[in-house]
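In this note's numbering, the protein residues as written are 47 to 722. Everything on this sheet refers to the single structure shown next.
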């Protein structure tokens, strides 16, 4: 540092100064536990251009927790045109011990034979011999790659996560990005694609509406006391900071925030930062800024519409959002009674409600219509001012928290979106859509959808049948997945019309092509967003929150069928890990592979096998013996049932395979036909 002060060594008492400023600097260094190296401290480092002034020492190096061995002032003013000489200090640094991790890294190492063969092929002059050399290189490269991959699979089977990570990275491909960037104008087309999604409004109009909301909230804030966040509130949201999550552009991780929160000084600084953001409603640009990357929806996207943006947000921004939710989240979620993603509600409750509606209609022969509505790019199209109006009404007016409402509305206003693709960063304006990656965005969006759905159902109640014992509720939503049902075609059409007129005012538009309507009796045609949609039959399977549902199909049958389908897909996706050798060297090639489940079948393999043969209904769908079925997956061909039965009998003193419909069979036998 250039202290602009001259310190003098006073024997064994340390450094001293002849000015008050110098004493203040020495006191500050002492409080921070910084020590100035005392070697050659009297040697001048400043040589004024005015030779009438005497050279003196102004430059020092202060160290903390590092012992200084030697120091000096160099003579290099002839190299750098300065009146200060460089100062250096040699410090003894203790070498850091690298953190040990389980297993080896998954980096691939090529053999010397392959390296030498590649060098020889590169240096060859050409002709048939060179082509033959390159064929040998590719052949040997493939052999080594297969061997390396098999070793990774074996290490993954025993729980080596480094090998699992290397295996996943080797299977990850970014080749789909190349065709999209072949076009010389790909940046302009990508920008235009995002403008069509996130810039559907005039930026000046949106800013004016937010200014009006902020002006009303400022007046309310003057009438209410500001309550800062407490350390207890900050500690309470710490459990939501999961480890291993990606950092935002500010490179602050959840692990770092946890460590800072425990520190007496840095924890207080974090609290002061969030309180300053709550009071001034100004979010620093480094915290507000996020970056979006693109993921492919298909194996080979043909255009930008087949990609999905994923946003990485700042951990500090998410923590501030969680603090606001801990205070004012209940004020927004409680009135949205038809939103099943809110606190104290579960999506499975909405699923069970729909299945109950279908079951009662089927058992009692009632006519029922169930519609699954799709909103075009719901999270990206919703108007930000619509969510701000909802926050103002629920949090500021009804909840009496104008300070939290003002900070929340400022958080909802996202004016910029940053997209990074193949090293190119594009900055675009945003006028609609939620702030990507902020925990408060789903809450505000879900409240808008659920409240509009509730209002439309209430307005359409006059057309609801009063006879025939209709269901008490007529709709529900989970985020943007909206479902309505009715026993009357006129009542259903009325709700669709009201939703089609109300949702566009918030920037939300129904997608007629993806609307799914099922009926159990009379086929009908409904008008959705200006287009006609015909109902599906009673055997049509509708997917509700990822689970199948239908009128005339037994729920357990279609659920088990879906579980088996997913189990097969999971097995074939991870068949390499499932069929690799375990820690004891056993694999599926042995005849008794099915009996020593703890050694030969990994946990995921047992889960898959349990999905294949769960109960009697599963056996009716797949009557093949589980032994022959599992043997087919393991070895590529069907095993003979009599061989498996005889092997089982020899291991269990004559006990034979129990039939599938035997109700007293123990659970372990009924699932995998293993001895208990």
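Think of the CB as a built atom: it goes at the ideal place given N, C-alpha and C, for glycine as much as any other residue.
*List the endpoints of the continuous beta strand (DSSP E) containing residue 531.*
Here residue 531 corresponds to residue number 485 of the chain shown, with the count starting at 1. Its beta strand (DSSP E) spans residues 527-532.
*Note the first and the last residue of the continuous alpha helix (DSSP H) segment covering residue 325.*
For the purposes of this step, residue 325 is identified with residue 279 of the chain shown, where counting begins at 1. Element bounds for residue 325: 310-326.
_Output needed for residue 389: all residues of its chain with C-beta closer than 8 Å, excluding positions within five of it in sequence on either side, in chain order._
If you number the chain shown from 1, residue 389 lands on position 343. Taken in chain order, the residues that qualify are 375, 376, 379.
*Give the secondary structure of residue 188 by DSSP, where H, G and I count as helix, E and B as strand, and everything else as coil.*
As a first step, residue 188 must be located in the chain shown, where it is residue number 142. Helix, per DSSP.
*How would you label residue 539, buried or exposed, when you count the other beta carbons within 10 angstroms and need 16 or more for buried?*
Walking along the chain shown from the start, residue 539 turns up at place 493. Classification of residue 539: buried, given that the 10 Å Cβ count is 16 or more.
*Rounded to whole angstroms, what's the CA-CA distance from residue 88 to residue 119? Just pull it up for me.*
Here residue 88 is taken as the residue at index 42 of the chain shown, counted from 1. Here residue 119 is taken as the residue at index 73 of the chain shown, counted from 1. C-alpha separation (whole angstroms): 10 Å.
*Inside the segment 430-491 only - beta strand (DSSP E) runs reaching at least 3 residues*: 462-467, 470-475
*Under the assumption that residue 324 contacts residue 451 (Cβ atoms under 8 Å), give the Cβ distance between them as a whole number of angstroms.*
Within the chain shown, residue 324 is the residue found at index 278, counting from 1. Within the chain shown, residue 451 is the residue found at index 405, counting from 1. That pair is no contact at about 11 Å.
*Taking only the alpha-carbon atoms, compute the straight-line gap between residue 328 and residue 459 and give it to the nearest angstrom.*
Here the question's residue 328 lines up with position 282 in the chain shown. Here the question's residue 459 lines up with position 413 in the chain shown. When rounded, the distance between both Cα atoms is 12 Å.
*Can you tell me whether DSSP reads residue 130 as helix, strand or coil?*
The residue given as residue 130 occupies position 84 in the chain shown. Strand, per DSSP.
*Answer yes if the segment 537-556 comes into contact with the segment 393-409, meaning at least three C-beta pairs across the two stretches below 8 Å, and no otherwise.*
no
*asked:* DSSP three-state label for residue 373, please.
replied: Counting from one through the chain shown, the residue named residue 373 turns up at place 327. In the structure shown, residue 373 sits in a helix (DSSP, three-state: H, G or I).
*Can the beta-carbon of residue 164 be found closer than 8 Å to that of residue 194?*
For the purposes of this step, residue 164 is taken as the residue at position 118 of the chain shown. For the purposes of this step, residue 194 is taken as the residue at position 148 of the chain shown. Their beta carbons are not under 8 Å apart, which means residue 164 does not touch residue 194 by this criterion.
*Buried or exposed for residue 257, please, with buried defined as at least 16 other CB atoms from any protein chain shown within 10 angstroms of its CB.*
The count along the chain shown starts at 1 and reaches residue 257 at position 211. Label assigned to residue 257: exposed.
*Mind checking whether residue 107 and residue 139 have CB atoms under 8 Å apart?*
In the chain shown, the residue the question calls residue 107 occupies position 61. In the chain shown, the residue the question calls residue 139 occupies position 93. Cβ atoms of residue 107 and residue 139: not closer than 8 Å.
*Look up residue 723 in the DSSP assignment and give the residues it is bridged to.*
The question about residue 723 has no answer here: the residues shown for the chain are numbered 47 through 722.
*Just how far apart, CA to CA, sit residue 292 and residue 211?*
Taking the first residue of the chain shown as 1, we reach residue 292 at position 246. Taking the first residue of the chain shown as 1, we reach residue 211 at position 165. Roughly 15 Å separates the two Cα atoms.
*Could you please give the first and the last residue of the uninterrupted beta strand (DSSP E) stretch that includes residue 240?*
Numbered from its first residue, the chain shown carries residue 240 at position 194. Element bounds for residue 240: not the beta strand (DSSP E) but the alpha helix (DSSP H), 232-244.
*Contact belief for residue 425 with residue 479 at Cβ below 8 Å, rounded distance in angstroms*: Here residue 425 refers to the residue found at position 379 when the chain shown is read from its first residue. Here residue 479 refers to the residue found at position 433 when the chain shown is read from its first residue. Right, their Cβ atoms sit about 6 Å apart.
*Excluding the 5 residues preceding and the 5 following residue 236 in the sequence, name in chain order all residues of the same chain whose CB lies nearer than 6 Å to its CB.*
Along the chain shown, one-based indexing puts residue 236 at 190. Excluding sequence neighbours, residue 236 sits near 350.
*Nearest-angstrom Cα distance between residue 457 and residue 80?*
Counting from 1 along the chain shown, the entry for residue 457 is found at position 411. Counting from 1 along the chain shown, the entry for residue 80 is found at position 34. Cα to Cα, residue 457 sits roughly 41 Å from residue 80.
*Beta-carbon separation of residue 429 and residue 241 under 8 Å?*
By 1-based counting over the chain shown, the position of residue 429 is 383. By 1-based counting over the chain shown, the position of residue 241 is 195. Cβ distance not < 8 Å, so residue 429 and residue 241 don't count as in contact.
*Can you give the Cα-Cα distance for residue 166 and residue 346, rounded to whole angstroms?*
One-based indexing of the chain shown puts residue 166 at position 120. One-based indexing of the chain shown puts residue 346 at position 300. In a straight line, the C-alpha of residue 166 is about 37 Å away from that of residue 346.
*Among residues of its own chain, excluding the 5 on either side of residue 298, which ones have a beta-carbon nearer than 7 Å to its beta-carbon?*
As a working note, residue 298 is residue 252 in the chain shown. Cβ within range, chain order: 360, 361, 362.
*asked:* Here's the rule: buried if 16 or more other CB atoms are within 10 angstroms of the residue's CB, otherwise exposed. What is residue 116?
replied: Taking the chain shown and counting its residues from 1, the one referred to as residue 116 is at position 70. That one is exposed.
*Three-state class that DSSP yields for residue 51 in the structure shown*: The residue given as residue 51 occupies position 5 in the chain shown. Reduced to three states, the DSSP call for residue 51 is coil.
*Compare the beta carbon distance of residue 384 and residue 523 with 8 Å and say whether it is the shorter of the two.*
As a first step, residue 384 must be located in the chain shown, where it is residue number 338. As a first step, residue 523 must be located in the chain shown, where it is residue number 477. Taking 8 Å as the Cβ cut-off, residue 384 and residue 523 qualify as a contacting pair.
*C-alpha gap between residue 60 and residue 74, whole angstroms*: Looking up residue 60 in the chain shown gives position 14. Looking up residue 74 in the chain shown gives position 28. Distance between the alpha carbons of residue 60 and residue 74 is about 15 Å.
*Counted within 10 angstroms of its Cβ, other Cβ atoms place residue 11 as buried (16 or more) or exposed*: As displayed, the chain neither begins before 47 nor continues past 722, which places residue 11 out of reach and without an answer.
_Beta carbon of residue 401 nearer than 8 Å to that of residue 609_ = Stepping through the chain shown from its first residue, residue 401 is reached at position 355. Stepping through the chain shown from its first residue, residue 609 is reached at position 563. Contact flag unset, no.
*If residue 494 and residue 433 are in contact, beta carbons under 8 Å, what's the gap, nearest whole angstrom?*
Here residue 494 corresponds to residue number 448 of the chain shown, with the count starting at 1. Here residue 433 corresponds to residue number 387 of the chain shown, with the count starting at 1. Confirmed, Cβ separation roughly 6 Å.
_Once the 5 residues before and after residue 689 are set aside, which same chain residues still bring their CB inside 6 Å of it?_
By one-based count along the chain shown, residue 689 stands at place 643. Residue placement at residue 689 is poorly supported in this model, since its pLDDT is 40, which falls under 50; the coordinates are not used for a value here.
*residue 507: which of 477, 544, 528 sits nearest, CA to CA?*
Position 461 of the chain shown holds residue 507. That would be 544, whose Cα lies nearest to the Cα of residue 507.
_Helix, strand or coil for residue 413? Go by DSSP, reduced to three states._
The residue labelled residue 413 in the question sits at position 367 within the chain shown. It is coil, neither helix nor strand.
_Supposed contact pair residue 613 and residue 574 - C-beta distance, whole angstroms, cut 8 Å_ = Indexing the chain shown from 1 puts residue 574 at position 528. Indexing the chain shown from 1 puts residue 613 at position 567. Contact doesn't hold; Cβ gap of about 35 Å is too wide.
*Considering residue 577, what are the terminal residues of the alpha helix (DSSP H) in which it resides?*
In the chain shown, the residue the question calls residue 577 occupies position 531. From DSSP, residue 577 is part of no alpha helix (DSSP H) but of the beta strand (DSSP E) over 577-580.
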